[in-house]
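**Student:** Residue numbers -8 to 180, in this note's numbering, belong to the letters of the sequence shown in order.
Every residue, glycine too, gets a C-beta built ideally from N, C-alpha and C.
Remember, it's a predicted structure, so these values are computed and weren't measured experimentally.
Structure provided below as structure tokens; questions to follow.
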Amino acid sequence: MSRDDARLFFAADPDAAARDRLLQCQKSLQKESWQREVRWLAPEYMHLTVKFLGATPRERIAEIVEHVRIRLMVPAMETEIDGISLFPNRKRPTVVAATLADDDSLSRLASRLGKMMLHFGYKPEKRKFRPHITIGRCGKGFPRGIDLSGQLDAPIVCLLDRLVLYESITRPEGAEYIEIARFHHNEEN
């Protein structure tokens, strides 16, 4: 990545009520013995990554935003956060995540966005889309094999009604996300 590049990703932001419930879940998890090995995300940084772009020349950002504004209808989606899990798996955890029940609308959105980004030379995602919201990042000392199923007492209704293009700036204390553009459902973009 060159100095003139921005590290970008498209994400759907959960509504305030869902973020509040996720914060409650975080607080519950922070009582666990391993919690010191997790860097917990602030509620305003909780998001569902739809398409990671990575290093992007800054001069292309306006073109990408315009391309998406013209071609993508962002649907309002109501889904459920149905569990807490470790990603990518319990043997090699890197994040503590809230998993979402996918009724295919999230997968379709990720697929459409991925196809649109082919126009700019981004490669298609090889892995299956697994919708989740990161609530914490696991440190190197995080124990393997922890089972987080059952940590959520009831599903959380989650409204996803906007897509955001973020720049991620990595710092030693954690990433900072800067909003570049917002794409709303049923509003002028």
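1. Am I right that D75 and L143 are in contact with their C-beta atoms under 8 Å? What's the rounded C-beta distance?
2. Can you tell me the Cα-Cα spacing of L63 and R103, whole angstroms?
3. Skipping 5 residues on each side, what residues in its chain have a beta carbon closer than 8 Å to that of L13?
4. Sort E57, S96, H110 by Cα distance to R173 and report the nearest one.
5. Using 8 Å as the threshold, is the region 97 to 114 in touch with the region 132 to 140, meaning 3 or more CB pairs across them?
6. Measuring alpha carbon to alpha carbon, tell me which residue in K117, R(-2), T40, G112 is nearest L100.
7. Pairs of beta-carbons, one from the region -5 to 9 and one from the region 153 to 164, closer than 8 Å: are there three or more?
8. Checking 7 Å against the spacing of the C-beta atoms, do S185 and F78 come in under that value?
9. In whole angstroms, give me the CA-to-CA distance for A92 and P163.
**Tutor:** Per the coordinate set shown:
1. It should be noted that the sequence gives Ile, not Asp, for residue 75. The Cβ separation is near 5 Å, so the contact holds.
2. 8 Å
3. P5, P34, M37, I72, A89, I124, I126, I147
4. E57
5. no
6. T40
7. yes
8. In the structure as shown, the chain starts at -8 and stops at 180, and residue 185 therefore has no counterpart that could be examined.
9. 33 Å
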